[in-house]
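Asks: Numbered by mature numbering (1 follows the signal peptide of the UniProt record, and there is no 0), the letters in the sequence shown go through residues -27 to -1, 1 to 262 in order. All residues carry an ideal CB built from backbone N, CA and C; glycine is no exception.
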Amino acid sequence: MNNRFTKIVVTLATVTGISFSAGQVSADSINAAPQANGQAQGEAKVEKRLDKVEKKTDAIQSELEAIEGSIEGPPITVDEVQLYKEYLDKLESLLNRLNAADNHLDAVTKKMENQDASIEETEAEINDIRTSILEVKETIQSIFAEQMSSTGVVPDGLQEAEDPTYEVGSQAIIKADHMPGMYGAEATIAGAFDTVAYSVTYYPTTGGDPVENHKWVIHEELEGPGEAPLEPGTEVTLDADHMKGMDGATAVIESAEDTTVYMLDFTTTTGEKVENHKWVTESELSPVE
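(1) Could you tell me which uninterrupted alpha helix (DSSP H) segments, each at least 4 residues in length, are contained entirely in the stretch 40 to 83, listed from first to last along the chain?
(2) Keeping to the same chain, check which residues put their C-beta closer than 6 angstroms to that of Thr232; ignore five residues upstream and five downstream.
(3) With burial defined as no fewer than 16 other Cβ atoms inside 10 Å of the residue's Cβ, what is the status of Thr217: buried or exposed?
(4) Can you round the beta-carbon distance between Thr161 and Phe239 to whole angstroms, since I take them to be within the 8 angstroms contact cut?
(5) Tell me which same chain residues have a C-beta within less than 7 angstroms of the C-beta of Val26, skipping the five on either side of it?
(6) Return yes when the Cβ of Leu56 is within less than 9 angstroms of the Cβ of Leu107, no when it is not.
(7) List the endpoints of the continuous alpha helix (DSSP H) containing Thr95.
(8) DSSP three-state label for Leu131, please.
(9) Using beta-carbon positions only, say whether Pro128 and Ile226 come within less than 9 angstroms of one another.
(10) Assuming the contact rule is C-beta atoms closer than 8 angstroms, Gly154 and Gln114 should be a hit. Round their C-beta distance to whole Å, please.
(11) Taking buried to mean at least 16 other C-beta atoms within 10 Å of its own C-beta, is Val126 buried or exposed?
(12) Would a C-beta distance cut-off of 9 angstroms place Ile33 and Leu71 closer than the cut-off?
(13) Determine the DSSP secondary structure at Pro150, reduced to helix, strand or coil.
(14) I'd like the list of long-range same chain contacts for Glu133, defined as Cβ closer than 7 angstroms, with 5 residues on each side in sequence excluded.
(15) On the DSSP bridge list, what partners appear for Ser259?
(16) Near Thr179, which residues of its chain fall below 7 angstroms by C-beta distance, leaving aside the five closest residues on each side in sequence?
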């Protein structure tokens, strides 16, 4: 190597920062800048993905708060029962979306060499939202159970059944779905009474659309009904508070059934305790196998 070439190489090395050893250029020196650039791009991608997860959880939280803010305790109307049933479906959907966001976060975490505080904060937020969703579900289920319960006081003049198919204290399976959590539950008979049970369409005192084919109102829960049974189409006034807006409401008899009605104690299929539920007819029960 002549002196002129040597000077050129040394000058280039000084300007570029490239070092030579035994005639070879250092690979570390050459690759340092691209590696740093690649790392920065990778971190930017991770941050972008994390931002997507946070947007998902924020949307879920917002929808949950809207549901939670519209729930009122018992007594509730028939329309509110339907609305809360829809809320339960919505809450299940929110849980599924939250689980998907959690899986997304796991995928993001695996691409990071070191887990930073933002990851931990997002994980904590997801866990808090999951807890809140489950609490709201439990609240709605408790409202349903409380709505189905009663004090156990029966109307004046109601006669106990002399020979009921299901005796007081015995067990039976509920085959009615008047309210969520009833169907398939095992119940203890708290009372058995011979009467006429009516299906009615009533106009809630709280306003809104009429409630069609409500089951059941018994003859003794009508104001001055006269002799039983009443014919379909008969207009009556309700003296029952099974649902908010029933007591004092105008109703029309849709059907009449001479039967034994039962008052029940049971635990709903979601685990809530119900006491003195009124009413289930004999055809809506089956023996415990």
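Replies: Taking the definition as stated:
(1) 51 to 83
(2) Counting from one through the sequence shown, the residue named residue 232 turns up at place 259. Cβ neighbours of Thr232 beyond the five flanking positions: Ala170, Thr254 and Glu255.
(3) Residue numbering aside, residue 217 sits at position 244 when the sequence shown is read from its first letter. The sequence as given places Lys at residue 217; Thr does not occur at that position. Here Lys217 is buried. Its C-beta has 16 or more other C-beta atoms within 10 Å.
(4) On the sequence shown, residue 161 is found 188 positions in, with the first residue counted as 1. On the sequence shown, residue 239 is found 266 positions in, with the first residue counted as 1. About 7 angstroms; that satisfies the 8 angstroms criterion.
(5) Within the sequence shown, the letter at position 53 stands for residue 26. Closer than 7 angstroms at Cβ, skipping near neighbours: Ala74, His77, Leu78, Val81 and Thr95.
(6) In the sequence shown, residue 107 corresponds to position 134, counting from 1. In the sequence shown, residue 56 corresponds to position 83, counting from 1. In this structure, Leu56 does not lie closer than 9 angstroms to Leu107 by Cβ.
(7) In the sequence shown, counting from the first residue as 1, residue 95 sits at position 122. The continuous alpha helix (DSSP H) containing Thr95 extends over residues Ala90 to Met121.
(8) Reading the sequence shown from its first residue, position 158 is the one you call residue 131. Leu131: coil per DSSP, three-state reduction.
(9) For this step, residue 128 is matched to residue 155 along the sequence shown. For this step, residue 226 is matched to residue 253 along the sequence shown. Result no, Cβ atoms of Pro128 and Ile226 do not sit closer than 9 angstroms.
(10) The residue labelled residue 154 in the question sits at position 181 within the sequence shown. The residue labelled residue 114 in the question sits at position 141 within the sequence shown. 7 angstroms between Cβ atoms; contact.
(11) Sequence index remark: in the sequence shown, residue 126 carries index 153 (1-based). With fewer than 16 other Cβ atoms within 10 Å, it is exposed.
(12) Against the sequence shown, residue 33 aligns to sequence position 60. Against the sequence shown, residue 71 aligns to sequence position 98. Against a cut-off of 9 angstroms, the Cβ pair of Leu71 and Ile33 comes out as a contact.
(13) Taking the first residue of the sequence shown as 1, we reach residue 150 at position 177. Reading off the sequence shown, one finds Asp at residue 150, where the question assumed Pro. For Asp150, the three-state secondary structure derived from DSSP is coil.
(14) The residue given as residue 133 occupies position 160 in the sequence shown. So the qualifying residues of the chain are Ala165 and Phe166.
(15) Taking the sequence shown and counting its residues from 1, one reaches residue 259 at position 286. Beta-bridge pairing by DSSP links Ser259 to Ile146.
(16) To locate residue 179, count along the sequence shown from 1; it is residue 206. These residues qualify, in order along the chain: Thr50, Lys217 and Gly218.
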